[in-house]
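Q:
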Amino acid sequence: MDVLDSGLGKANDYAAPGGLSERDLVECLEMIPRKVTPTSLTIASFDPGAGGGDEIGRIAVGAIVAFMRSLLETGVLSKEG
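Quick note on numbering: the sequence shown equals residues 2 to 82 in our numbering.
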């Protein structure tokens, strides 16, 4: 999560300015199933106590939901299970 711009909150002690916006992250994750068939998703580098944990957590959940929705839309995942 430390790819996010530090203006959104600190994902961890290594957060820096000039990172991705929330929209950038979502668009990147939505694009993956349209280009390749992913086999895993890892969310890393998140320390909820680093400052801004609630906002970074909200962004992470939204990005994961967008990724999963994209998997469904592209047929990588089936709605029937």
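All C-beta atoms in this analysis are idealised placements derived from N, C-alpha and C, irrespective of residue type, glycine included. No experiment lies behind these values; they were computed from the predicted model shown.
In terms of alpha-carbon separation, which member of Arg35, Ile65 and Gly50 lies closest to Ala16?
A: The shortest Cα separation from Ala16 among Arg35, Ile65 and Gly50 belongs to Gly50.
Q: Does the Cβ of Gly10 have 16 or more other Cβ atoms within 10 Å, making it buried, or fewer, making it exposed?
A: By the neighbour-count rule (16 or more Cβ atoms within 10 Å), Gly10 is buried.
Q: Taking the C-alpha atoms as reference points, what is the distance between Asp6 and Gly52?
A: Using only the alpha carbons, I get a separation of about 13 Å.
Q: Do you know offhand how far Gly8's Cα is from Phe68's?
A: Each residue's alpha carbon lies about 23 Å from the other.
Q: DSSP on Leu73, reduced to helix/strand/coil?
A: Three-state DSSP puts Leu73 in a helix.
Q: Write down the C-beta distance between Pro34 and Val77 rounded to the nearest angstrom, noting that I regard them as a contact closer than 8 Å.
A: Sure, about 5 Å apart at Cβ, within 8 Å.
Q: Starting from Lys11, trace the alpha helix (DSSP H) both ways and give me its first and last residue.
A: From DSSP, Lys11 is part of no alpha helix (DSSP H); its letter is neither H nor E.
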